[in-house]
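Structure first, commentary second.
Numbering (the working numbering), first residue to last: 117 to 556.
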C-alpha cells in the first residue's frame with residue numbers, strides 16, 4: 117500500500133522544520149510589533165521635521181507661517197493649514213497611542229513643540245494633524261499629507277520576508293531529503309530482499325553516520341543470509357542427488373523379489389515408500405532449483421500455459437485463456453520455474469481437491485493473473501498462511517501422499533519474479549491465484 121505523504125519521514129521532518137520556523141517568525145513578529153512605534157516614528161521623523169521645522173520657527177517668532185509643499189526627505193510631505201475637520205479623530209497626549217506618542221516625542225526632541233494630534237481621511241489618503249505652539253500661546257493646527265511611515269518600508273519588508281520564507285522552505289526540503297533518502301533506499305532494499313530473497317545492490321553510503329552504519333549492517337546481513345541460503349541449497353541438492361540412486365536400487369530390488377506368500381504385500385509397501393521418498397527428494401531438488409535458477413529470459417506466460425495444457429496430459433482441465441496470439445510477457449523470468457509452478461498447482465489440485473479443475477489466465481492492471489481452481493473441500497482460512505511454510509500439510513491431507521513442498525515452491529518462485537500468490541475460497545474448492553508483473 118502506498119504511504120500517504122503525511123505519513124512519510126520526509127514530510128514529518130519537513131513539517132517539523134516548518135513548524136519551528138513559523139514559531140520563530142511569530143515570536144520575531146511580536147517583538148517587532150512591540151517596537152513598531154519607534155520604528156515608524158524614526159522613519160517619518162526626517163521628512164516631518166524638515167517640513168515642520170521652518171513653520172515652528174515662524175510661529176515662535178510670531179510670524180504668519182508659510183507652509184512648504186513637496187518637501188522630500190525619504191518620504192514626500194505636503195502641509196495643509198488647520199484646523200482639522202470635525203470628523204477627525206483626536207489623539208490627546210495622554211492617550212494610549214504608541215506610534216503617535218513616539219512621533220510626538222521625536223519631534224519635540226528636534227525642537228518642534230507638538231501638543232494634541234488628530235487623524236482624518238481614509239487609509240492611504242489620510243492627513244495627520246499636529247497642534248504647534250506659537251509665541252502668543254494660541255496653538256495652530258497644521259495638517260500633513262502622506263503616510264506616517266515610509267511607503268516602501270512595508271513592501272520591502274514583505275518582499276524580504278517572502279524571500280526568506282522561500283529560501284527556508286527550499287533549505288528545509290533539501291535537508292529533509294538528505295535525511296530521508298538513505299532510509300527510503302534502505303526500505304526499498306529490505307522490501308526487494310524480502311520479496312525475492314536475492315542480495316540487493318550495496319546501499320550508497322550517505323547521510324548521517326547512524327544511517328551509514330545501518331546501511332552497512334544491512335548489506336552485511338543480506339550477504340550473510342544469501343551465503344547461508346546458497347550453502348543450504350548446495351547441501352540439499354547434494355543430499356537429494358546422492359539419495360536417488362539408493363532409492364532406485366531399493367525399488368528395483370523390491371520388484372525383483374521372488375513370488376512367495378506374503379511377499380507381494382511387502383513388495384508393494386517397499387515400492388510405495390521408495391516412491392514417496394523419491395518424490396520428497398524431487399521436491400527438495402525443485403525447491404533448490406526454484407531459488408537458484410537464473411531469471412534471464414523473456415517469457416510469454418500465455419504461450420507457456422497454452423502449450424502445457426495442450427500436450428494431452430491435462431485433458432481434465434477447463435481453461436479460460438486470452439485470444440490466441442495475445443502475448444503476456446514477463447521479464448526477467450525463467451520458463452522452467454514458471455512451468456514448474458503451474459505443474460505443482462495442477463498436481464496439488466488433483467491430489468487434494470476434486471474435479472473439474474479450472475485454469476484462468478488474463479491480463480489485469482499491468483499483471484498476468486493466473487488462477488487454478490479445484491472443486492474439493494477447500495482450506496480453512498486459519499491454515500492458508502501456514503500452507504506456504506515448507507513441509508506443512510493441512511489436517512485433512514496428512515493421511516495422503518505428499519511432501520508439503522508444492523505450494524512453498526510456487527510461492528517462492530512467484531516472489532522471485534516480483535509477483536504475489538493468494539489462496540482464496542472458490543465455494544466449493546480452493547483457488548490459488550498468481551499475479552506476475554508484465555514487462556513494459
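Using N, Cα and C, we set each Cβ at its ideal position, and we do this for glycine too.
Everything numeric in this text was worked out from a predicted model, so none of it was measured.
If you follow the alpha helix (DSSP H) that residue 246 is part of, which residue opens it and which one closes it? Locating residue 246 in the chain shown gives position 130, counting from the first residue. Not the alpha helix (DSSP H): residue 246 falls in the beta strand (DSSP E), residues 243-248.
For the stretch 431-439 against the stretch 533-550, are there 3 or more C-beta pairs whose distance is under 8 Å? Too few Cβ pairs lie closer than 8 Å, so no.
Neighbourhood of residue 455 by C-beta distance below 8 Å, restricted to the same chain and skipping five residues each side: Start at 1 with the first residue of the chain shown, and residue 455 comes out as number 339. Sequence-distant Cβ neighbours of residue 455 in its own chain, meaning closer than 8 Å and more than five residues away, are 420, 424.
Check whether the Cβ atoms of residue 170 and residue 257 lie closer than 7 Å to each other. Position 54 of the chain shown, counted from the start, is the residue given in the question as residue 170. Position 141 of the chain shown, counted from the start, is the residue given in the question as residue 257. No; because the gap between Cβ atoms is not below 7 Å, this pair is not in contact.
Whole-angstrom distance between residue 500 and residue 470, CA atom to CA atom: As a position in the chain shown, residue 470 is number 354, starting the count at 1. As a position in the chain shown, residue 500 is number 384, starting the count at 1. Whole-angstrom Cα-Cα distance: 18 Å.
Closest by C-alpha distance to residue 242, when choosing among 332, 335, 259, 382: Taking the first residue of the chain shown as position 1, residue 242 is located at position 126. For the residues 332, 335, 259, 382, the minimum Cα distance to residue 242 belongs to 259.
Boundaries (first-last residue) of the alpha helix (DSSP H) holding residue 467: Locating residue 467 in the chain shown gives position 351, counting from the first residue. Under the DSSP assignment, residue 467 falls in the alpha helix (DSSP H) whose first and last residues are 451-468.
Would you report the Cα separation of residue 306 and residue 407, rounded to the nearest angstrom? On the chain shown, residue 306 is found 190 positions in, with the first residue counted as 1. On the chain shown, residue 407 is found 291 positions in, with the first residue counted as 1. Spanning the two alpha carbons is a distance of roughly 18 Å.
Where residue 302 and residue 331 are concerned, what is the direct C-alpha to C-alpha distance, given to the nearest angstrom? Sequence index remark: in the chain shown, residue 302 carries index 186 (1-based). Sequence index remark: in the chain shown, residue 331 carries index 215 (1-based). Cα-Cα distance, rounded: 7 Å.
In terms of DSSP beta bridges, what is residue 342 paired with? The sequence position of residue 342 within the chain shown is 226, counting from 1. Bridge partners of residue 342: none, in fact.
In whole angstroms, give me the CA-to-CA distance for residue 288 and residue 218. As a position in the chain shown, residue 288 is number 172, starting the count at 1. As a position in the chain shown, residue 218 is number 102, starting the count at 1. It is roughly 39 Å from the alpha-carbon of residue 288 to the alpha-carbon of residue 218.
With DSSP as the reference, label residue 207 as helix, strand or coil. Position 91 of the chain shown, counting from 1, holds the residue named residue 207. Three-state result, residue 207: strand.
Under the three-state DSSP convention, the category residue 202 falls into: For the purposes of this step, residue 202 is taken as residue 86 along the chain shown, with counting starting at 1. Three-state DSSP puts residue 202 in coil, outside helix and strand.
What residue range is occupied by the uninterrupted beta strand (DSSP E) comprising residue 527? On the chain shown, residue 527 is found 411 positions in, with the first residue counted as 1. It is not in any beta strand (DSSP E) - residue 527 instead sits in the alpha helix (DSSP H) that spans 522-532.
Per DSSP, residue 483 forms a beta bridge with which residues? Taking the chain shown and counting its residues from 1, the one referred to as residue 483 is at position 367. DSSP lists 480, 553 as partners of residue 483.
For my contact list, residue 550 and residue 535 are in at a C-beta cut-off of 8 Å; report their separation, rounded to the angstrom. Taking the chain shown and counting its residues from 1, the one referred to as residue 550 is at position 434. Taking the chain shown and counting its residues from 1, the one referred to as residue 535 is at position 419. So it is a contact: roughly 6 Å between Cβ atoms.
Taking residue 362 as the reference, which of 372, 523, 383, 390 has the closest Cα? Locating residue 362 in the chain shown gives position 246, counting from the first residue. When the alpha-carbon of residue 362 is set against those of 372, 523, 383, 390, the nearest one is in 390.
Can you give me the Cβ contacts of residue 172 inside the same chain, cut-off strictly under 8 Å, excluding the 5 residues immediately before and after it? Within the chain shown, the letter at position 56 stands for residue 172. If we look at residue 172 and ignore the five residues flanking it on each side, its Cβ neighbours are 227, 228, 229, 248, 249.
Coarse secondary structure for residue 300, derived from DSSP in three states: On the chain shown, residue 300 is found 184 positions in, with the first residue counted as 1. Note: residue 300 maps to helix in three-state DSSP.
Residue 417 and residue 444: beta carbons closer than 7 Å? One-based indexing of the chain shown puts residue 417 at position 301. One-based indexing of the chain shown puts residue 444 at position 328. It is a contact, given that the beta carbons lie within the stated cut-off.
Measuring CA to CA, which of 491, 295, 438, 451 is closest to residue 76? A question about residue 76 goes unanswered here, because the residues of the chain that appear run from 117 up to 556.
Which first and last residues belong to the alpha helix (DSSP H) in which residue 540 is found? As a working mapping, residue 540 is identified with position 424 in the chain shown. In the DSSP annotation of this structure, residue 540 is not part of any alpha helix (DSSP H); the continuous beta strand (DSSP E) holding it starts and ends at 536-541.
Distance, Cα to Cα, residue 179 vs residue 215? In the chain shown, residue 179 corresponds to position 63, counting from 1. In the chain shown, residue 215 corresponds to position 99, counting from 1. Distance between the alpha carbons of residue 179 and residue 215: 31 Å.
Taking the beta carbon of residue 267 as the centre, do at least 16 other beta carbons fall within 10 Å, making it buried, or is it exposed? Counted from its first residue, the chain shown places residue 267 at position 151. Because residue 267 sits at a pLDDT of 49, beneath the cut-off of 50, its placement in the model cannot be relied upon, and the following sentence gives the value as read from the coordinates. Exposed, because fewer than 16 other Cβ atoms sit within 10 Å of the Cβ of residue 267.
With burial defined as no fewer than 16 other Cβ atoms inside 10 Å of the residue's Cβ, what is the status of residue 323: buried or exposed? Translated into the one-based positions of the chain shown, residue 323 becomes position 207. Classification of residue 323: buried, given that the 10 Å Cβ count is 16 or more.
Below 6 Å CB to CB, which residues in the same chain sit around residue 475 once its five sequence neighbours on both sides are set aside? Indexing the chain shown from 1 puts residue 475 at position 359. In the same chain as residue 475, and ignoring 5 residues on each side of it, the C-beta atoms closer than 6 Å to its own belong to 433, 435, 488, in chain order.
Which value, in whole angstroms, describes the spacing of the CA atoms of residue 205 and residue 198? If you number the chain shown from 1, residue 205 lands on position 89. If you number the chain shown from 1, residue 198 lands on position 82. When rounded, the distance between both Cα atoms is 14 Å.
Residues in its own chain within less than 8 Å of residue 175 by CB, not counting five upstream and five downstream? The residue labelled residue 175 in the question sits at position 59 within the chain shown. 181, 248, 249, 250, 251, 256.
Are the beta-carbon atoms of residue 463 and residue 545 separated by less than 7 Å? Here residue 463 is taken as the residue at index 347 of the chain shown, counted from 1. Here residue 545 is taken as the residue at index 429 of the chain shown, counted from 1. With a cutoff of 7 Å on beta-carbon distance, residue 463 and residue 545 are scored as not near each other.
Taking Cβ to Cβ, would you say residue 299 is nearer than 7 Å to residue 125? Here residue 299 refers to the residue found at position 183 when the chain shown is read from its first residue. Here residue 125 refers to the residue found at position 9 when the chain shown is read from its first residue. Taking the C-beta atoms as reference points, residue 125 is found nearer than 7 Å to residue 299.
Under the rule that 16 or more other beta-carbon atoms within 10 Å means buried, what is residue 610, buried or exposed? Residue 610 lies beyond the stretch modelled for the chain, which goes from 117 to 556, so this question has no answer here.
Verify whether the separation of the beta carbon atoms of residue 529 and residue 453 is less than 7 Å. Here residue 529 refers to the residue found at position 413 when the chain shown is read from its first residue. Here residue 453 refers to the residue found at position 337 when the chain shown is read from its first residue. Yes, Cβ-Cβ distance for residue 529 and residue 453 is below 7 Å.
Evaluate residue 225 with the Cβ neighbour count: other Cβ atoms within 10 Å of its Cβ, from every protein chain shown; 16 or more gives buried, anything less gives exposed. Position 109 of the chain shown, counting from 1, holds the residue named residue 225. By the 16-neighbour rule on beta-carbons within 10 angstroms, residue 225 is exposed.
Answer yes or no: do residue 295 and residue 315 have a C-beta to C-beta separation smaller than 7 Å? By 1-based counting over the chain shown, the position of residue 295 is 179. By 1-based counting over the chain shown, the position of residue 315 is 199. In this structure, residue 315 does not lie closer than 7 Å to residue 295 by Cβ.
In chain order, what residues of the same chain lie with their CB nearer than 6 Å to the CB of residue 482, ignoring the 5 residues before and after it? Working through the chain shown from its first residue, we reach residue 482 at position 366. Same-chain partners within the cutoff: 554.
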